[in-house]
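Heads up: the structure comes next, in structure tokens.
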Amino acid sequence: MKKKYLIPCFLLITLLTFSQQSNVTFTQNVNSNDITGGSAICWFLDENDEFYGDFENNIFARSFDLTGDHNIDEDFIVSSVEIGVRNGSDIVGTINLYYADSRDLSDSENELTLVESKDVTFFEFANNTVLVVGGWNALIPAGKSLVVEVDVPENQHASETGATEIADFKLFTFGRNDEGEIHHAWIKAPACGVDNYIDLNIISSNPQHIIINVTGQETMSIQKEKFSQIEIYPNPVKNQLSVDVPSDMQIKSTHLIDLNGKRLPVSLVDGVLDMSAYASGNYLLELNTSFGKTTRKIIKQ
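Below is the structure:
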């Protein structure tokens, strides 16, 4: 389990946001780690109400108001998603990341825009754990809500497989606990007549505090981190000035600006600026990069 640190929130309600280095993790669960039960799901019993006959398509979600609940004012990039797994008998589901105008998934006018999807196998050995699914690069625009959806398809009907024990049957139940949540989760299950998202707590007498956590960064945090990795040397400089940037950063254009604000012709060749023809004094070096613009003070000897 990842180590997490709680950031104090100066809001009237308790909002759960964790930070580790430049990443932040969001959760709507008071306890985002411990699993004490399984979620309600859509399935059908046999005629004796004794055997779990058919596991149907269940679609779960949590929606995060990044601005209103977590003070995220810039674009946000999701890097990992955590899913609580109570029971996963090697069934494949799909995690979808969307952005929407609001957190209310029951609003028919609240359009969801798909950003990124991943197929995930919920293995049995991961039961009763919080599964970390990394490798995301999903950009959620500023001012939008983030929606994490877990779509688990119908699977192996007992009538088709001859399964007679629950251990022989493929299904998935979300990991949950009863310790509280900031906002409720959502579910839709067409086979059970739930065609649109509803509050997951409505369909069960037990609290349905399923665990979904999200980790990522504001784009400004990423920009700041990348800019901190730029190295410009020697400074002061007499002739050649070296400019080293991170491997995933591209320099689109370069300008040298004197103290009068005049832009001077300069070209960066293989990471080197030839400063030999310029008069001694102070300059600003402006780099227009794939992560935005940054300027550095340069002293020419």
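Residue numbers for the sequence shown follow this note's numbering, beginning at 58 and rising by one.
Don't be surprised by glycine CBs; every beta carbon is placed ideally from N, CA and C.
As the structure is a prediction and not an experimental result, all values here were calculated from the model.
- Phenylalanine 121 is positioned such that its CB atom lies closer than 9 Å to that of serine 202.
- Here tyrosine 155 is buried: its Cβ has 16 or more other Cβ atoms, across all protein chains shown, within 10 Å.
- In the structure shown, glutamine 280 adopts helical secondary structure according to DSSP, grouped into three states.
- DSSP places glycine 150 inside the beta strand (DSSP E), whose first and last residues are 148–157.
- Using a Cβ distance threshold of 9 Å, leucine 313 and asparagine 339 do not count as a contacting pair.
- Going by DSSP, glycine 318 is part of no alpha helix (DSSP H) at all; its letter is neither H nor E.
- For the set Asn86, Arg160, Ser165, the Cα lying nearest the Cα of valine 204 is the one of Arg160.
- Between the region 122–136 and the region 246–255, the count of Cβ pairs shorter than 8 Å is below three; the stretches do not touch.
- Here the region 284–293 does not lie against the region 130–148, with fewer than 3 beta-carbon pairs under 8 Å apart.
- When rounded, the separation of the alpha-carbon atoms in proline 291 and glutamine 274 is 32 Å.
- In this structure cysteine 99 is in contact with alanine 246, their Cβ atoms being roughly 3 Å apart against a cut-off of 8 Å.
- CA-CA distance, threonine 230 to proline 198, rounds to 31 Å.
- Taking all protein chains in view, the Cβ of threonine 84 is crowded by 16 or more other Cβ atoms within 10 Å, so the residue is classified as buried.
- Beta-bridge partners of glycine 94 (DSSP): Arg233.
- For leucine 203, the enclosing beta strand (DSSP E) has its first and last residue at 202–209.
- Nearest to arginine 233 by alpha-carbon distance, out of Ala97, Lys357, Val81, is Ala97.
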